[in-house]
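Residue numbers (our numbering): 586 to 658.
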């Protein structure tokens with residue numbers, strides 16, 4: 586069965602979001618690089634997923650000494 590690109594993208598985004606939230610519950614604070622390694626994606630892709638979670642009100646970004654730190658809200 587063929588799914589349009591946007592549908593596949595949404596499925597992947599939801600899967601990654603769940604993995605990010607699970608990791609944040611476990612680790613409390615993570616960097617964008619740690620998320621990228623955990624998801625096996627680029628830093629930019631990880632950052633995009635994290636920013637989506639910020640917009641959804643689930644995650645908070647803290648910038649400290651040039652590093653993006655992410656925590657659950």
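Heads up, the beta-carbon is just placed ideally off N, CA and C, and yes, glycines get one too.
Contact between residue 615 and residue 609 is confirmed by a C-beta separation of about 6 Å, below the 8 Å threshold.
By the Cβ-count criterion, residue 657 is exposed, with fewer than 16 other Cβ atoms from all chains shown falling within 10 Å of its own Cβ. Per DSSP, the unbroken alpha helix (DSSP H) holding residue 633 starts and ends at 628-640.
Separation of residue 655 and residue 631 (C-alpha to C-alpha, rounded to the nearest whole angstrom) is 11 Å. According to the DSSP assignment, residue 646 belongs to no alpha helix (DSSP H) but to the beta strand (DSSP E) extending over 644-649. When rounded, the separation of the alpha-carbon atoms in residue 618 and residue 627 is 8 Å.
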